[in-house]
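Peer 1: Under mature numbering (1 follows the signal peptide of the UniProt record, and there is no 0), read the sequence shown as residues -23 to -1, 1 to 171, first letter to last.
Just so it is clear, CB atoms sit at the ideal spot from N, CA and C, and this is done for glycine as well.
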Amino acid sequence: MKKITILPSLLLSTLLLSTNVMADDISDTLEEALASYKQGDVSQTKEDVIYVLELLKQQSGNTLKSYLPEALEGWKAEEAKSETAGAGMLGGGTTLSRIYKKDKAKVVIEIVTDSPLLESLGAVFANPMFASGGEIKRINREKAMIKYNKQRESGDISLMIDKRFMINIKGSKVSKEELISYAEAIDFKALKKI
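Below, the structure written as structure tokens:
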């Protein structure tokens, strides 16, 4: 029982120390969680801590938007988006996305992170059977799975980076080379340093 009571206190203390001193929703909620914990209200403490974790994921997602590349020459990029999902939605996590367009051509880059499912997906991705119907190729020294339909001018590229980031690049009315160029535009080394 001691482990259970020490863990929330340690978690709250760590989170309190790692946030800014300025008053914001995260620090206010952490203070409320600590007060609830000291009063013995475990249910409210859990609710507050879960809320703070979601806010931190959201904050992290907004920071990660800068890792989505700018539009290639001749293309236009929409505003990057970040969405967080709770544990009930495919294990939770953060999804970053950006849409790129040129005439009728469209490319969508999605980066999924902070999901507990990514580690198990990494094992699946490493399996050669995963490549059925696709081509395995290294892009910027990372193993990528490329599926492209020349007649439909559409395809997708999937990469698993450091078992923490699942990257999908999907395109329609694009060449295979354009899809690969967008994959090459992502700074995988910078992602690994996060």
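Who are the Cβ neighbours of GLU119 in its own chain at under 7 Å, not counting the five residues just before and after it?
Peer 2: Cβ within range, chain order: LEU136, ILE138 and PHE165.
Peer 1: Rounded to whole angstroms, what is the Cα-Cα separation between THR90 and MET143?
Peer 2: Whole-angstrom Cα-Cα distance: 7 Å.
Peer 1: From the DSSP output, in three-state form, read off ASP5 for me.
Peer 2: Note: ASP5 maps to helix in three-state DSSP.
Peer 1: Using a threshold of 8 Å, state whether the C-beta atoms of TYR77 and ALA57 are closer than that.
Peer 2: No, Cβ-Cβ distance for TYR77 and ALA57 is not below 8 Å.
Peer 1: Quick one, are the C-beta atoms of LEU156 and ILE171 less than 8 Å apart?
Peer 2: It is not a contact, given that the beta carbons lie outside the stated cut-off.
Peer 1: Sorted by chain position, which residues of the same chain lie with C-beta nearer than 6 Å to ALA167's C-beta, five sequence neighbours on each side aside?
Peer 2: Cβ within range, chain order: n/a, list empty.
Peer 1: What are the start and end residues of the alpha helix (DSSP H) that includes ILE157?
Peer 2: Residues 153 to 161.
Peer 1: My output table needs one value for ASP133: the three-state DSSP class, helix, strand or coil.
Peer 2: Here ASP133 sits in strand by DSSP.
Peer 1: Relative to the C-alpha of ARG129, which residue among VAL84, VAL151, THR6 and ILE86 is closest?
Peer 2: Nearest of VAL84, VAL151, THR6 and ILE86 to ARG129, Cα basis: VAL151.
Peer 1: Can you give me the C-alpha to C-alpha distance between LEU11 and THR22, rounded to a whole angstrom?
Peer 2: In a straight line, the C-alpha of LEU11 is about 7 Å away from that of THR22.
Peer 1: Taking 8 Å as the limit between beta carbons, can you name the residues of its chain near TYR28, skipping five residues before and five after?
Peer 2: Closer than 8 Å at the Cβ level, and outside the excluded window around TYR28, lie THR6.
Peer 1: When you compare the CB positions of ALA162 and ALA121, do they come within less than 8 Å of one another, or not?
Peer 2: Result no, Cβ atoms of ALA162 and ALA121 do not sit closer than 8 Å.
Peer 1: Determine which residues share a DSSP beta bridge with VAL84 and list them.
Peer 2: Per DSSP, TYR77 and GLY148.
Peer 1: Starting from LEU57 and walking both ways along the alpha helix (DSSP H), at which residues does that stretch end?
Peer 2: It should be pointed out that residue 57 corresponds to Ala in this sequence rather than to Leu. Segment: none, ALA57 is in no alpha helix (DSSP H) and carries neither H nor E.
Peer 1: Hey, quick one: how far does the alpha helix (DSSP H) through PHE114 stretch, first residue to last?
Peer 2: It is worth fixing the name first, because residue 114 is Lys in this sequence and not Phe. Note, LYS114: premise wrong, no alpha helix (DSSP H); beta strand (DSSP E) at 112 to 116.
Peer 1: Considering only C-alpha positions, which residue in the set TRP52, LEU30, ASP2 and GLU112 is nearest to ASP80?
Peer 2: Measuring from the Cα of ASP80, the nearest candidate turns out to be TRP52.
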